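With the first letter of the sequence shown counted as 1, position 102 gets the number 102 in UniProt numbering; the numbers rise by one all the way through.
In this text, a Cβ means the ideal position worked out from N, Cα and C, and glycines have one as well.
Predicted model only: the values in this text are computed from it and were never measured.
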Amino acid sequence: MGQILDRLQGKQWRQKQIRRITDKVFDHFKNETGRANLNFEDLYIGVLLVYNDINKRLPGPHFDPPSKDLVKAMMKENDLNLDGEIDREEFAKFIKQLTADTFVVVSQGLILTLVAAPAVAMATKRATEGVPGVGKVVQRLPNSVYASLITLNVLLLQQARQEFD
């Protein structure tokens, strides 16, 4: 439940997740190749690994990685020292730029969930009146508590569904 609440913190959480993913991928290549920077082949494989992590960690639909042509064009934009390779900071900036649209989609889905779930919860609260045992308990709960419980359950179900996909 703490992970769900962390996700509601917004921009800081997204930036922390991006940095965690980029550092992990960059360190993987640094340890495997022994080089301090990424060439184009390593960069593209790194992009594939980043998108794999994004699809594992973030709520929302599956995101396809960009084409090699797009990665090559963006590499030229982000190679600040013009050495034909990407260092750690350039890689973090590159991935942040590359995944900006992805995080917009994730944020929109999360906002929709946080708006729709309480509305549905309040609409269904009256439907529980006739259910023996459960109806009385639900009716005694304050509306805010009931809506919060339903919303957290919806978020948990979404995360569980993504872990199985």
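The DSSP-derived three-state label of Leu38 is strand. In the assembly as shown, Gln17 is a buried residue. Its beta-carbon has 16 or more other beta-carbons within 10 Å.
Going by DSSP, Arg88 is part of the alpha helix (DSSP H) stretching over Arg88 to Leu98.
For the pair Val71 and Leu38, the CB atoms are not nearer than the 9 Å cut-off.
Comparing C-alpha distances from Phe94 to each of Gly46, Asn143, Thr33 and Asn52 shows the shortest one belongs to Gly46.
In the structure shown, Ser148 falls within a helical segment according to DSSP collapsed to helix, strand and coil.
Of all alpha-carbon atoms in Arg19, Lys30, Phe40 and Phe26, the one lying nearest the alpha-carbon of Asp83 is that of Phe40. Rounded to the nearest whole angstrom, the CA to CA distance from Phe63 to Lys136 is 44 Å. With respect to Val50, Leu98 sits close: the two C-beta atoms are nearer than 9 Å.
Residue state for His62 is assigned as coil, using DSSP reduced to three classes. Looking at the backbone, the Cα of Leu152 and that of Asn81 are separated by about 46 Å.
Following the DSSP letters along the chain, one finds Arg140 inside the alpha helix (DSSP H) bounded by residues Val134 to Arg140. Between Ala121 and Leu157, the gap from beta carbon to beta carbon reaches 9 Å or more. Asn143 counts as exposed, since fewer than 16 other beta carbons sit within 10 angstroms of its beta carbon. Cβ atoms of Glu89 and Asp79 stay farther apart than 8 Å, at about 11 Å. The beta carbon of Leu48 sits closer than 8 Å to the beta carbons of Pro65 from its chain, once the five residues preceding and following it are set aside; these are given in chain order.
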